[in-house]
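Since the structure comes first, as structure tokens, the remarks are kept for the end.
Numbering (UniProt numbering), first residue to last: 1 to 296.
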């Protein structure tokens with residue numbers, strides 16, 4: 001069997017970094033080398049393939065269509081090598097970099113952190129807050145990602161649902177009482193939005209069977225954490241996942257005048273197929289499933 005000679009790994013690393021940053025300068029900073037060294041590696045790879053890999057797109061470098069496909073494969077291959085090297089060096093002591101939605105991390109996961117560490121033993125979990133929750137395929141630096149209704153099935157990714165996902169409008173008890181009789185009353189109060197989830201209100205109206213409201217006063221925030229914080233101070237009403245504000249509900253800091261709508265997708269733990277059966281990931285998955293069932 002004839003096998004193709006592999007491209008130089010150093011050149012592939014430089015190429016993949018340029019694709020992610022869109023510039024030679026960004027790749028050089030990440031790799032800790034001068035720009036000339038990155039250009040040299042790109043030239044080596046272009047000589048290997050016999051064609052140009054980038055086109056100029058304004059001030060950025062954009063990979064050609066064929067090169068973009070190779071960049072995606074390179075990204076996955078380098079991430080696999082990095083994880084394999086970590087397994088080799090770490091032996092039985094495994095570290096998992098876990099991407100978690102910011103609000104979910106603060107109000108659900110962090111209060112249970114000691115429980116998680118006790119259950120996982122030698123497995124270390126680095127929690128990486130995600131303001132914008134994106135699929136695992138877009139984050140080679142992460143080993144796993146927790147996603148809510150954002151999850152969509154992906155090739156070579158295993159996802160396990162561990163908890164139901166419910167969401168609904170919440171506000172301080174006084175404000176909730178003012179609008180509880182009819183959702184149309186929300187038009188009279190300030191409605192709080194998160195730029196990271198711009199369609200959440202439209203989704204709630206559709207999934208709850210509630211007639212859409214034409215909001216007169218809107219206030220936008222950079223992420224859901226800030227929008228929920230504003231709701232807690234009495235500024236207005238925000239649409240929030242129940243898991244993120246369960247403690248506020250119990251302490252009567254917030255109230256849900258119309259209850260919550262359950263999403264079938266729920267919260268899922270996503271990891272790569274190659275990692276799914278490893279003891280560290282199995283331990284994390286089992287802990288999430290157990291704790292998720294206990295908080296339903």
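Beta carbons are placed, not taken as given, at the ideal position from N, Cα and C, and that holds for glycine.
(request) Measure the Cβ-Cβ separation of residue 53 and residue 63 and say whether it is below 8 Å. (result) yes
(request) Along the beta strand (DSSP E) that carries residue 127, what are the first and last residues, could you check? (result) 124-130 is the span of the beta strand (DSSP E), which, as asked, contains residue 127.
(request) Name the two residues that bound the continuous alpha helix (DSSP H) containing residue 18. (result) 9-21
(request) Measure the Cβ-Cβ separation of residue 13 and residue 31 and say whether it is below 8 Å. (result) yes
(request) Indicate the three-state DSSP secondary structure (helix, strand or coil) for residue 211 in the structure shown. (result) coil
(message) Count Cβ pairs between the segment 139-155 and the segment 219-231 that sit closer than 8 Å; are there 3 or more?
(response) Fewer than three Cβ pairs drawn from the segment 139-155 and the segment 219-231 lie within less than 8 Å of each other, which leaves the two stretches out of contact.
(message) The beta strand (DSSP E) that contains residue 272, what's its start and end?
(response) 261-272 is the span of the beta strand (DSSP E), which, as asked, contains residue 272.
(request) Identify every residue that forms a DSSP beta bridge with residue 168. (result) 240
(message) Tell me which residues share the same chain as residue 25 and place their Cβ nearer than 8 Å to its Cβ, disregarding the 5 neighbours each side in the sequence.
(response) Only 35 meet the Cβ criterion.
(message) Going by beta-carbon coordinates alone, are residue 254 and residue 172 separated by less than 8 Å?
(response) yes
(request) Please report how far the alpha carbon of residue 272 lies from the alpha carbon of residue 278, in whole angstroms. (result) 11 Å
(request) Output the boundary residues of the alpha helix (DSSP H) element that contains residue 312. (result) Given a span of 1 to 296 for the chain in the structure shown, any question on residue 312 remains unanswerable.
(request) Confirm, please, whether the CB-CB distance from residue 142 to residue 128 is below 8 Å. (result) yes
(message) So if DSSP puts residue 190 in a beta bridge, which residue, or which two residues, is it bridged to?
(response) 217
(message) Measuring only the C-alpha atoms, how far is residue 233 from residue 86?
(response) Cα to Cα, residue 233 sits roughly 45 Å from residue 86.
(request) State yes or no: is the C-beta of residue 237 within less than 8 Å of the C-beta of residue 179? (result) yes
(message) Let me make sure I understand the geometry here. Which of 56, 60, 139 has the alpha-carbon closest to that of residue 97?
(response) Residue 97 has its Cα closest to that of 139, out of 56, 60, 139.
(request) Kindly indicate which three-state DSSP category residue 97 falls into: helix, strand or coil? (result) Per DSSP, reduced to three states, the secondary structure at residue 97 is strand.
(message) Let me check one thing: in DSSP terms, what residues is residue 146 bridge-paired to?
(response) 269
(request) Decide if the segment 238-257 is in contact with the segment 158-174; the criterion is three or more beta carbon pairs, one per stretch, under 8 Å apart. (result) Contact between the segment 238-257 and the segment 158-174 is present, because at least three Cβ pairs lie under 8 Å.
(message) Cutting at 8 Å between CB atoms, please list the residues of its own chain near residue 261, excluding the five before and the five after it.
(response) 166, 167, 168, 204, 207, 208
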